[in-house]
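Residue numbers (full-length UniProt numbering): 1 to 207.
We treat Cβ as the ideally placed atom computed from N, Cα and C, and that holds for glycine.
Keep in mind the model is a prediction, meaning the values are calculated, not measured.
Beneath this line is the structure, given in structure tokens, with notes to follow.
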């Protein structure tokens, strides 16, 4: 019985609010006004739904003021309008959410920027500089790529590599030798040849 009353109250409230919307939509509304109207509609439906659910009686018919004035055709028109508005607002919300996520991704500094700033700090402000393995790892992984590490930065990085020791040094030399070997197999690949050129400099420095 409670479920029955909840359903009737919900449907009746919905149709009443649709009749109000019919009057309002005879004039042009701004996007903000439409959004506010949808919010008010949702809150009202929720309120009446809870009120009906708490009731202990299930009347045969609940009629709200203004509902009896709606013809079946008017109700169909209003329902179509509501569906279009809700669909539009839904797309708008998803778009805004996507833009927010995009801004979140791009607002913060990237790994590349952090690593290059780390290298610059080492070169220009040694007193403030502190070793960070994560930044060094990025530099070692991408130093052969001229699109990620410019020629100017690579020159600074060569100076930085003079202090490289242990496993990091061995791994870097092995990677450089592999790039040189690869360049002999793909001589027509410009990108590979450019990486190999840097690799030879690294090998000469660390060997």
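Local Cβ density within 10 Å of residue i, reported as buried at 16 or more and exposed below that
i	result
residue 207	exposed
residue 87	exposed
residue 91	exposed
residue 276	With the chain covering 1 to 207 only, the question about residue 276 has no answer from this structure.
residue 84	exposed
residue 196	buried
residue 176	buried
residue 135	buried
residue 128	exposed
residue 188	exposed
residue 115	buried
Option in the options with minimal Cα separation from residue i
i	options	result
residue 172	146, 185, 201	201
residue 138	189, 155, 112, 177	112
residue 150	83, 205, 198	198
residue 157	189, 123, 129, 167	123
residue 165	140, 119, 73	140
residue 178	192, 167, 152	192
residue 203	190, 184, 180, 186	180
residue 121	110, 153, 185	153
Distance between beta carbons of residue j and residue i, contact taken as under 8 Å
i	j	result
residue 142	residue 133	Incorrect: roughly 15 Å between the Cβ atoms, too far for contact.
residue 146	residue 194	6 Å
residue 205	residue 160	That pair is no contact at about 10 Å.
Check: residue i C-beta below 7 Å from any heavy atom of the ligand GTP
i	result
residue 147	Because no ligand of any kind appears in the structure shown, any question about the ligand GTP cannot be addressed here.
Hey, which unbroken runs of the beta strand (DSSP E) at 3 residues or more fall wholly within the UniProt domain "WKF" (117-178)?
none
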